[in-house]
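Chemist:
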Ligand SMILES: [Zn+2]
């Protein structure tokens, strides 16, 4: 019987890989590449850097796949590795800077088309606001940035964020609430 | 008597709780109290709307694309598995 591999649950795929089916890893890459690149992109603020780092994360995941504990959701484990790699990377890259000033002055960036029907004026206004929000996110501390991105761009639950960041759930909530307030203040400074 | 000061205190408190309030992270009673304040206090209401609209905006931030060759690049760079036994 032919197995429809695309329908396999994550733990079953992991089992295949651990059993030596290297090609099965492609299924996990397909499943999570978009989420991870976007997560890392908002963390490091640079597209090419994000792509490269995401590749490193997947390789690390592959190398350590046998240590995956099925009691966790696979995506939690994956994001945890991505989070550690990214924070390490940021520390190495700019040990002093808490914020990232030289973001891609984009435009050659490949961005998915927005689905709303807006007039050209509104569209411009919205683009400007989006830019300011992205910039404001980049000015948060790496941890605050991570919390905001996980919660509001990736819609992760507080429980999951707690597991990804190894923080108690109460701490996660408080820090997210504080990060939002800061984000709003930074945004206000720009308007 | 000290109504003004009391109001200012309440506003400060409500503003601190706003972010949690939006997430429905309060017991009904507390939540109703905050809501009642927001309904009648214009300053806090404005803050509330601003926060809500920020959170809505965050959800519409456009996503970047995955390079077409990404998966192949990852697969090509996977190291050979070491043998299980040492
Ligand atoms: Zn008030």
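Chains as they are written, first to last, in this note's numbering: chain U, 17 to 207; chain Y, 14 to 99. Every residue gets a Cβ at the ideal spot worked out from N, C-alpha and C, and that includes glycine. Keep in mind the model is a prediction, meaning the values are calculated, not measured.
Distance cutoff 7 angstroms, beta carbons only. Does residue 89/Y sit that close to anything in chain U?
Modeler: As a first step, residue 89/Y must be located in the second chain, where it is residue number 76. It does not; no Cβ of chain U falls within 7 angstroms.
Chemist: If contact is defined by three or more beta carbon pairs under 8 angstroms, each pair taking one atom from either stretch, is the segment 56-63 of chain Y in contact with the segment 186-198 of chain U?
Modeler: Flag = no, the segment 186-198 of chain U and the segment 56-63 of chain Y do not touch.
Chemist: Is residue 79/Y helix, strand or coil when you go by DSSP?
Modeler: Translated into positions along the second chain, residue 79/Y becomes position 66. Coil at residue 79/Y, not helix or strand.
Chemist: On a CA-only basis, which of 80/U, 49/U and 83/U is nearest residue 67/U? Give me that one, please.
Modeler: Stepping through the first chain from its first residue, residue 67/U is reached at position 51. For residue 67/U, the nearest C-alpha among the options comes from 49/U.
Chemist: Quick one: grab the DSSP three-state call for residue 73/Y.
Modeler: Position 60 of the second chain, counted from the first residue, corresponds to residue 73/Y. In the structure shown, residue 73/Y sits in coil (DSSP, three-state: anything other than H, G, I, E or B).
Chemist: Got a sec: is the Cβ-Cβ distance from residue 7/U to anything in chain Y below 7 angstroms?
Modeler: Given that chain U is displayed from residue 17 to residue 207, the structure contains no residue 7/U and the question cannot be resolved.
Chemist: Please report whether the beta-carbon of residue 82/Y lies at a distance below 7 angstroms from any beta-carbon of chain U.
Modeler: Here the question's residue 82/Y lines up with position 69 in the second chain. By this cut-off, residue 82/Y is not an interface position.
Chemist: Of all the residues that make up the segment 54-80 of chain Y, which are near chain U by a beta-carbon distance shorter than 9 angstroms?
Modeler: Hits within the stretch, in order: 60, 63, 64, 67, 68, 70, 71, 72, 73, 74, 75, 76, 77, 78, 79 and 80.
Chemist: Using a Cβ-Cβ distance under 7 angstroms, would residue 193/U count as near chain Y?
Modeler: In the first chain, residue 193/U corresponds to position 177, counting from 1. It does: the Cβ of residue 193/U has a partner Cβ on chain Y nearer than 7 angstroms.
Chemist: Please list, in chain order, all residues of the same chain as residue 24/U whose beta carbon is under 6 angstroms from its beta carbon, the five residues on each side excluded.
Modeler: Within the first chain, the letter at position 8 stands for residue 24/U. If we look at residue 24/U and ignore the five residues flanking it on each side, it has no Cβ neighbours.
Chemist: Between residue 26/U and chain Y, is the shortest Cβ-Cβ distance under 7 angstroms, so that the two count as touching?
Modeler: Against the first chain, residue 26/U aligns to sequence position 10. It does not; no Cβ of chain Y falls within 7 angstroms.
Chemist: If you count every other CB in all the chains shown that lies within 10 Å of the CB of residue 40/Y, and 16 or more means buried, which is it?
Modeler: Position 27 of the second chain, counted from the first residue, corresponds to residue 40/Y. By the 10 Å Cβ count, residue 40/Y comes out exposed.
Chemist: For residue 194/U, tell me which candidate among 182/U, 80/U and 159/U has the shortest Cα-Cα distance.
Modeler: Here residue 194/U is taken as the residue at index 178 of the first chain, counted from 1. Taking only the C-alpha atoms, the option nearest residue 194/U is 159/U.
Chemist: Considering only the alpha carbon of each residue, which of 104/U, 203/U and 94/U lies closest to residue 144/U?
Modeler: As a working note, residue 144/U is residue 128 in the first chain. Taking only the C-alpha atoms, the option nearest residue 144/U is 203/U.
Chemist: Check this for me: beta carbons of residue 30/U and residue 97/U, under 7 angstroms apart or not?
Modeler: Position 14 of the first chain, counted from the first residue, corresponds to residue 30/U. Position 81 of the first chain, counted from the first residue, corresponds to residue 97/U. Taking 7 angstroms as the Cβ cut-off, residue 30/U and residue 97/U do not qualify as a contacting pair.
Chemist: Between the Cα of residue 49/Y and those of 71/Y, 79/Y, 88/Y and 23/Y, spot the shortest distance and give me the residue it belongs to.
Modeler: Here residue 49/Y refers to the residue found at position 36 of the second chain. Here the closest residue by C-alpha is 23/Y.
Chemist: Among residues of its own chain, excluding the 5 on either side of residue 74/U, which ones have a beta-carbon nearer than 7 angstroms to its beta-carbon?
Modeler: In the first chain, the residue the question calls residue 74/U occupies position 58. Taken in chain order, the residues that qualify are 45.
Chemist: In the DSSP assignment, find the alpha helix (DSSP H) that holds residue 109/U and state where it starts and stops.
Modeler: In the first chain, the residue the question calls residue 109/U occupies position 93. Residue 109/U -> alpha helix (DSSP H) spans 90-109.
Chemist: Report the rounded CA-to-CA distance for residue 29/Y versus residue 47/Y, giving the unit in angstroms.
Modeler: Here residue 29/Y is taken as the residue at index 16 of the second chain, counted from 1. Here residue 47/Y is taken as the residue at index 34 of the second chain, counted from 1. Straight-line Cα distance between these residues: approximately 11 angstroms.
Chemist: Start and end of the alpha helix (DSSP H) containing residue 69/U?
Modeler: The residue you call residue 69/U lines up with position 53 of the first chain. From DSSP, the alpha helix (DSSP H) with residue 69/U extends over 63-79.
Chemist: Please work out which residues of its chain come closer than 6 angstroms, Cβ to Cβ, to residue 117/U, disregarding the five sequence neighbours upstream and downstream, and give them in chain order.
Modeler: One-based indexing of the first chain puts residue 117/U at position 101. At residue 117/U, the pLDDT of 45 sits below 50, so the modelled position is not reliable; the number obtained from the coordinates is stated separately. No residues qualify anywhere along the chain.
Chemist: Does any residue of chain Y bring its CB to less than 7 angstroms from the CB of residue 42/U?
Modeler: Taking the first residue of the first chain as 1, we reach residue 42/U at position 26. Yes - at least one Cβ of chain Y is within 7 angstroms of the one on residue 42/U.
Chemist: Take the Cβ of residue 250/U as the centre, count every other Cβ of all protein chains shown within 10 Å, and call the residue buried at 16 or more, exposed below.
Modeler: In the structure as shown, chain U starts at 17 and stops at 207, and residue 250/U therefore has no counterpart that could be examined.
Chemist: Between 26/U, 27/U and 55/U, which lies nearest to residue 171/U when the distance is taken from Cα to Cα?
Modeler: Here residue 171/U corresponds to residue number 155 of the first chain, with the count starting at 1. Comparing Cα-Cα distances from residue 171/U to each of 26/U, 27/U and 55/U, the minimum goes to 55/U.
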